[in-house]
Structure formats: C-alpha cells, structure tokens
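The listed protein sequences derive, respectively, from chains A and B.
Each residue of the first sequence is one higher than the last, beginning at 1 in the working numbering.
Each residue of the second sequence is one higher than the last, beginning at 1 in the working numbering.
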Amino acid sequence: GAGVSQSPSNKVTEKGKDVELRCDPISGHTALYWYRQSLGQGLEFLIYFQGNSAPDKSGLPSDRFSAERTGGSVSTLTIQRTQQEDSAVYLCASSLDGSSYEQYFGPGTRLTVT
Amino acid sequence: DAKTTQPPSMDCAEGRAANLPCNHSTISGNEYVYWYRQIHSQGPQYIIHGLKNNETNEMASLIITEDRKSSTLILPHATLRDTAVYYCIVRVPNNYGQNFVFGPGTRLSVLP
C-alpha cells in the first residue's frame, strides 16, 4: 500500500521568505510526527499530532515554526521568515496511534535557505 | 528518557554477523529499547524493540543484558543493503505520542 509521502522533495528559498511543507500520512494512521535532520546530525523532534490536535509541540524551535493537520490526515509545516539555520531535511512520520512504537517515515523534504 | 551511547562507526564483512552495541546505563525499569535504521537519503525504518527479554524478528535479534545497562543489535547475515546509520533509543512508552530522540547513531558499513 501507499506509504507516507511528502512534498516538495526539494525546496530552495531565499532568506526571509515563508515556506510550506506537506505530509500525507498512511491512511488510517491517527498519529503524525514532524522531525528535522540537519546535515550529518540525528533527527530532532518538532511536533506530534493525534488526530487534528497537537498535544506535544515541545520541539518547535521558535514561533516562526507552526504546523496544522486537517481531517485527521494531511499536515502542513510552515516556516515563516526562513533563516539559513532552517536548512535541513524535514521528515514526517505516521503511526497507527499515539501508543504505537513503529513509525513510518516519508522520504523527507530537503529545504535549502540561501 | 535515558541517554544512549553508540560507537560512531563500524565495518562488517558481507555475509557475516553485524553486532551493534548500545550503552544505556541510566535506563529505568519501565524504559524500552528501540532500534531504528536510516539508509542513505531515506527516512528511518523501525527494526525491533524490547524491555528485558531477548527479541528476534525477521530483520534482527536484540540482546539485552540482565542488568539492562546495555544491549546489542545483531544482523545475522549482513548484506550490502544493510549499510545504514543505526539508532538505539530508550523510552518509556505511553499513549500520548512517541517523540523519539534520535542521537548520532552508528554508521554501519557492510563491505563486499
């Protein structure tokens, strides 16, 4: 079946611009996670959704970062006024529910801020 | 969540067993050990997890020491496609989301 998909696969933007990254989770998965991975680093948790609500936003690095999820499905991560340090691969994962340990990851969006 | 320590890199010959260690000396009684791997340019993939008993599935085996302060992930017959970064994570599971903390992991290179 279809896995987690993310779009765009690559995004190059100028410093100061806003960007939107999209995640389509596996159908039926109620839990959705956003992580980011800077070059050569491990993954950094950003936010967790259960359904449309986000009970854990503790990883969002600043108020320039926000995310929403609609219809219990698609999620959008928005970065406002991008900075060069925002350059990273942004990964989305979904799992059956919040208690599930097996997260299914998408291929990621590589964001480059120039 | 308890901190884990893994060697930054390891090599393994194709067809041989790959044994990847992880130290988690501050692990608490209700924390599980999870292993994920990340093949180049892909998202991480779940491998296996355990609490205190050894576990085996179609991908790997997980050996946890009796005091639970360390564990070893075993890939019994490594192939070139097992070349990846392997992450050991310890966490108390709950019903409110599993925001895993992925450290730098171990970069395993399987050599022909």
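Cβ coordinates follow ideal geometry from the N, Cα and C atoms, glycine included.
- The beta carbon of Tyr46(B) sits closer than 7 Å to those of Tyr36, all from its chain and outside the five residues before and after it, given in chain order.
- Taking 8 Å as the cut-off, the Cβ atoms of Ser95(A) and Ala31(A) count as close.
- Chain-order list of chain A residues neighbouring Gln42(B): Pro107, by C-beta distance under 7 Å.
- Using a Cβ-Cβ cut-off of 9 Å, Asn94(B) is close to Gly98, Ser99 of chain A, given in chain order.
- One Cα belongs to Thr65(B), the other to Glu55(B), and the distance between them is close to 12 Å.
- Taking the Cα positions, Gln83(A) is about 18 Å away from Leu91(A).
- Contact check for Ser5(A) against Gly106(A) passes: the beta carbons are separated by less than 8 Å.
- The beta carbon of Tyr34(B) falls within 8 Å of a beta carbon belonging to chain A, placing the residue at that interface.
- Non-local beta-carbon contacts of Thr4(B) in its own chain, meaning distances under 8 Å to residues more than five positions away in sequence, involve Cys22, Asn23, His24, Cys88, Ile89, Val90, Gly103 in chain order.
- Against chain A, the CB of Asn57(B) has no partner CB under 8 Å away; the residue lies outside that interface.
- The beta carbon of Val101(B) falls within 8 Å of a beta carbon belonging to chain A, placing the residue at that interface.
- At least 8 Å separates the beta-carbon of Ala84(B) from that of Glu14(B).
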